[in-house]
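Visitor: Dropping a structure here in structure tokens format, bear with me for questions.
2 protein chains.
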Amino acid sequence: MIFPSETKLLETISRVTPHVHQTPVITSSFINKLTGAEVVFKCENFQKMGAFKMRGAINAILQLSEAQKKAGVVTHSSGNFAQALSLAAKNLGVKAYIVMPSNAPTVKKEAVKGYGGIITESEPTLQAREAAASKIEREKGATFLHPSNNLDVILGQGTAASELLKKHSDLNAIFTPVGGGGLIAGTALSVHYFGKNCRTIGGEPMAADDAFRSLQSGKIETNTTANTIADGLKTNLGDVNFPIIQQLVSDIIRVEETEIKAAMQLLWERLKLVTEASSAVPLAALIRDRHRFKGEKVGIVLSGGNVDLLNLPF
Amino acid sequence: MIFPSETKLLETISRVTPHVHQTPVITSSFINKLTGAEVVFKCENFQKMGAFKMRGAINAILQLSEAQKKAGVVTHSSGNFAQALSLAAKNLGVKAYIVMPSNAPTVKKEAVKGYGGIITESEPTLQAREAAASKIEREKGATFLHPSNNLDVILGQGTAASELLKKHSDLNAIFTPVGGGGLIAGTALSVHYFGKNCRTIGGEPMAADDAFRSLQSGKIETNTTANTIADGLKTNLGDVNFPIIQQLVSDIIRVEETEIKAAMQLLWERLKLVTEASSAVPLAALIRDRHRFKGEKVGIVLSGGNVDLLNLPF
């Protein structure tokens with residue numbers, strides 16, 4: 001497999017940076033003491049629309065031709081990418097068609113509408129969502145953008161780690177959550193080109209450990225059930241990001257639900273950060289395997305902060 | 001009344017700065033649009049122990065003689081000052097005796113213990129708390145430090161606004177919550193010496209509007225009841241901070257409980273900041289009277305982030 005070149009990643013950074021927040025990096029002496037590592041948190045919960053997904057959405061739209069931009073973009077997502085594509089498209093003067101399952105939480109539908117996304121509801125199965133998106137592609141001429149299995153999206157997501165490595169070039173590891181694979185694949189590319197003795201580590205819920213199993217079996221595995229509070233991490237890897245993950249990710253550490261909740265509580269109580277459960281997964285992974293990272297400098301990408309305050313796990 | 005001089009405030013800044021976090025300043029285009037003002041948030045929820053009170057506690061202890069430091073410090077507080085004095089004392093190698101009402105939440109007692117404070121429980125009346133503190137003064141020779149009515153504490157609290165004005169010298173107003181009066185008095189001193197055409201504005205719950213009434217009557221008023229979720233703001237002003245507030249605070253804006261809850265929800269949902277209800281009061285005040293601040297540049301001191309996640313108002 002030939003990875004996207006360093007030039008391509010550098011071009012992505014130049015393209016994406018003017019359109020996103022350079023999110024702050026936060027530290028906690030409590031977390032350092034707890035883990036024995038020097039930990040820096042990249043706060044993508046402070047990103048526009050509240051998650052790193054804004055980066056990939058911006059990059060993918062900016063790569064379209066003028067004709068494509070005029071016809072709009074379409075995706076199916078009930079999560080952060082729906083909001084990200086809506087806001088990125090709005091900011092760039094492009095229409096965004098969002099296919100959402102009919103049972104998606106009202107708060108998520110409202111958020112998409114608030115960012116100007118045009119919602120089409122579908123049955124809550126992957127087939128129904130894909131069919132609805134295909135119909136919009138055909139009828140509107142809109143370009144389909146996958147939330148995680150699209151190279152421009154992957155490169156865009158990688159800019160969070162690039163920013164972090166620019167500030168902290170001596171990181172020994174960067175941890176991200178693993179869901180559809182876009183963030184970790186992009187992060188791994190940034191670590192590959194800009195890290196020095198740095199490795200990329202994934203955190204994944206035990207209850208949705210498809211990526212861990214995929215790395216073991218050498219082919220993309222799926223989750224038959226995914227009973228985890230980290231609801232952003234239930235999706236599977238794709239054929240674009242999996243080869244990158246296979247070659248550039250050092251390890252995936254799996255964590256229990258109780259560990260995710262405890263890590264989330266630390267982020268809220270100690271770091272005073274509103275973060276979603278998925279963001280707590282890489283911290284939970286570091287805490288679980290802290291003996292392996294003692295004395296190292298570790299970055300953690302806090303993926304986002306879009307939570308339903310009426311439905312917290314505390 | 002003769003205020004503490006500019007020199008005294010500058011000395012305080014030099015003294016306090018090495019011992020506290022230079023907390024980040026955060027902005028939100030959503031809040032700017034909502035208020036019509038350019039708003040910058042000074043995030044004291046990211047301060048050590050999670051609140052601005054660390055600043056005053058550090059300053060007050062550093063002003064003690066070596067003999068006084070050896071004998072320790074004492075205060076009565078069920079809130080953030082109890083934790084602040086405990087941690088500040090621990091960091092400076094001093095003993096901290098904390099009188100807490102027996103009905104204080106376990107989470108607050110545990111936090112004080114975690115920071116090394118030595119707790120004495122008392123009946124939950126002001127008289128009982130004062131008596132218990134006096135006993136410790138007599139028996140241990142400890143120095144009593146009032147949470148808000150002590151000039152060194154007031155000067156220390158003012159350093160948050162000084163930092164903010166150093167970064168944003170063109171602020172037209174700085175909003176703080178008003179509880180015991182330490183934060184707003186210190187802020188008003190910083191605004192007086194370092195602001196240019198800047199005024200100090202207080203936010204106060206309608207249900208505990210003693211400071212508003214005190215400014216009207218010209219004497220310190222008390223709250224007979226204080227049924228507000230902003231539990232840090234139930235205390236009254238004191239004879240040290242009241243004269244400063246009388247002369248240097250432009251206005252106190254009172255807000256309803258529903259407005260406090262709505263502002264708190266904005267801080268959590270939109271800014272992704274874990275902040276206590278008291279921190280939401282100045283934002284609620286700005287939103288309520290936003291017509292008066294249209295086009296202005298406004299700073300808001302987010303006082304702290306110590307909340308009980310099991311007892312949120314959402």
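In order, the protein sequence lines correspond to chains X and V. Quick note, in full-length UniProt numbering, the first sequence goes up one by one and the last residue is 314. Quick note, in full-length UniProt numbering, the second sequence goes up one by one and the last residue is 314. Here a beta-carbon is modelled for each residue, glycine too, at the ideal position from N, C-alpha and C.
1. Closest to V:N149 by CA distance: which of V:E269, V:K261 and V:H76 is it?
2. Spatial neighbours of X:M49 within its chain, please: CB distance less than 7 Å, with the 5 preceding and 5 following residues excluded, ordered by chain position.
3. Beta-carbon within less than 7 Å of V:I119's beta-carbon, same chain only, minus the 5 sequence neighbours each way: which residues are those?
4. What are the start and end residues of each continuous alpha helix (DSSP H) run of 4 or more residues lying completely inside the region 61-103 of chain X, in chain order?
5. From the beta carbon of X:Q22, is the nearest beta carbon of chain V less than 8 Å away?
6. Let me know the secondary structure DSSP gives V:S29 once reduced to three states.
7. List the residues that DSSP assigns as beta-bridge partners of X:I174.
8. Can you list the residues of chain V that X:E269 reaches, using a CB-CB cut of under 7 Å?
9. Straight-line CA distance for X:G79 to X:V153?
10. Hey, could you find the ends of the alpha helix (DSSP H) X:T258 is sitting in?
11. Going by C-alpha distance, which of X:S214, X:I174 and X:L283 is nearest X:K261?
12. Name the chain V residues whose beta carbon is nearer than 8 Å to that of X:L273?
13. Is V:G304 helix, strand or coil when you go by DSSP?
14. Using a Cβ cut-off of 9 Å, which residues of the region 40-51 of chain V contact any Cβ in chain X, in chain order?
15. Residues of chain X with CB under 7 Å from V:F314, in chain order?
16. So X:G238 and X:S278 are supposed to be a Cβ contact under 8 Å. How far apart are they, rounded?
17. Take X:I244 as the anchor and find which of X:C43, X:A188 and X:T7 has the nearest alpha-carbon.
18. What's the call for X:H291, buried or exposed, on a 16-neighbour Cβ count within 10 Å?
19. Quick one: what's V:L273 bridged to in DSSP?
20. Please confirm whether X:G141 has its beta-carbon closer than 8 Å to some beta-carbon of chain V.
21. From X:G203 to X:T225, what does the alpha carbon distance come to, in whole angstroms?
22. How far does the beta strand (DSSP E) with X:S122 in it extend, from its first residue to its last?
23. Which bits of chain V does X:G305 rub up against, with CB to CB less than 7 Å?
24. If you follow the alpha helix (DSSP H) that V:V20 is part of, which residue opens it and which one closes it?
25. Less than 8 Å between the beta carbons of V:K297 and V:D170, yes or no?
26. Going by other Cβ atoms of all chains shown within 10 Å of its Cβ, with 16 needed for buried, is X:K294 buried or exposed?
27. Under a CB-based cut-off of 8 Å, is V:Q83 close to chain X?
28. How should X:N197 be labelled, buried or exposed, when 16 other C-beta atoms within 10 angstroms of its C-beta is the threshold for buried?
29. Just curious, the alpha helix (DSSP H) that X:F52 is in, first and last residue?
30. X:P205 by DSSP, collapsed to three states: which one?
31. So V:Q265 contacts chain X; which residues on that side make the cut at Cβ distance below 9 Å?
32. Relative to the C-alpha of X:G304, which residue among X:D251, X:G179 and X:A173 is closest?
33. Taking the DSSP output, what are the residues bridged to X:R254?
34. Let me make sure I understand the geometry here. Which of X:I253, X:N227, X:F52 and X:R138 has the alpha-carbon closest to that of X:R213?
35. How many Å lie between V:R55 and V:T17 at the Cα?
Guide: Let me spell this out:
1. V:H76
2. Q83, A84, L87 and Y115
3. I98, M100, K109, V112 and K113, listed in sequence order.
4. 66-71 and 80-91
5. no
6. helix
7. X:I174 is bridged by DSSP to X:T200 and X:G299.
8. Under the 7 Å cutoff, chain V gives L309.
9. 15 Å
10. E257 to E269
11. X:L283
12. K272, L273 and V274
13. strand
14. C43, N45, F46, K48 and G50
15. Residues of chain X passing the Cβ test: L309 and L310.
16. The pair is not a contact, with the Cβ atoms about 18 Å apart (cut-off 8 Å).
17. X:A188
18. Exposed, since its Cβ has fewer than 16 Cβ neighbours within 10 Å.
19. Answer is X:L273.
20. For X:G141, not one C-beta of chain V is nearer than 8 Å to its own C-beta.
21. 18 Å
22. Start and end: I118 to S122.
23. By Cβ distance, chain V contributes K272.
24. Run containing V:V20: none; DSSP gives neither H nor E here.
25. yes
26. Residue burial is scored here from C-beta neighbours: X:K294 has fewer than 16 other C-beta atoms within 10 angstroms and is therefore classed as exposed.
27. no
28. exposed
29. Per DSSP, X:F52 belongs to no alpha helix (DSSP H) and is neither H nor E.
30. strand
31. L309
32. X:G179
33. X:E204
34. It is X:I253 whose Cα lies nearest to the Cα of X:R213.
35. 8 Å
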